[in-house]
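A.B. asks: Please see the structure below; I have some questions.
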Amino acid sequence: MTDEVQDRIQGLVDASPVLLFMKGSPLFPQCGFSSRAIAILNHLGVEFDSVDVLQDQGVRQGIKAFSDWPTIPQLYVKGEFVGGSDIMMEMYESGELAQLLADKGVAASA
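If you read the sequence shown in the working numbering, its first letter stands for residue 1, the second for the next number, and so on.
This is the structure in structure tokens:
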């Protein structure tokens, strides 16, 4: 991964309290895992930003090195890598994801 891609990804992560790197957009996810991640975040009522990795090959490959995680989607909360779709689901079902968001000061939208 080039420094330019690394810096761009870091800037995206730093700029958003909750950021999901995904395939497609929240309205039109392009894979089942991204769709599930969107459903979890929507159910929790949290505002989030997303990055469509299909629109930028550098980010698509770079995010995997950035997080040392091989799959997409990837969730970041306040700059911290949380995990992919399966981890999000496990954390959601156990209540850990809602607790993490609360601990990080990310409130559900009204």
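Each residue gets a CB set at the ideal place from its N, CA and C atoms; glycine is no exception.
1) If you check the beta carbons only, do Ala108 and Gly45 fall under 8 Å apart?
2) Does Pro73 pass the burial test, meaning 16 or more other C-beta atoms within 10 Å, or should it be called exposed?
3) Label Ala15 either buried or exposed according to how many other C-beta atoms from any shown protein chain fall within 10 Å of its C-beta, with 16 as the threshold for buried.
4) Taking the continuous alpha helix (DSSP H) assigned at Phe33, which residues delimit it?
5) Judging by CA-CA distance, which residue of Ser94, Gly24, Ser25 and Val51 is the nearest neighbour of Ile9?
6) On the three-state DSSP scale, how would you describe Glu80?
7) Taking buried to mean at least 16 other C-beta atoms within 10 Å of its own C-beta, is Leu27 buried or exposed?
8) For a test of the three-state rule: what should DSSP assign to Gly95, helix, strand or coil?
9) Between which two residues does the alpha helix (DSSP H) carrying Asp3 extend?
10) Name the residue from Glu47, His43, Gln30 and Val53 whose alpha carbon lies nearest to the alpha carbon of Val106.
C.D. replies: In short:
1) Against a cut-off of 8 Å, the Cβ pair of Gly45 and Ala108 comes out as a contact.
2) Flag for Pro73 reads buried.
3) Answer is exposed; the Cβ neighbour count stays below 16.
4) That run of the alpha helix (DSSP H) goes Gly32 to Leu44.
5) Nearest to Ile9 by C-alpha distance, out of Ser94, Gly24, Ser25 and Val51, is Val51.
6) Note: Glu80 maps to strand in three-state DSSP.
7) It is exposed - the Cβ of Leu27 has fewer than 16 other Cβ atoms within 10 Å.
8) Three-state result, Gly95: coil.
9) In the DSSP assignment, Asp3 falls within the alpha helix (DSSP H) that extends over Asp3 to Ala15.
10) Residue Glu47 is the option with its Cα nearest to Val106.
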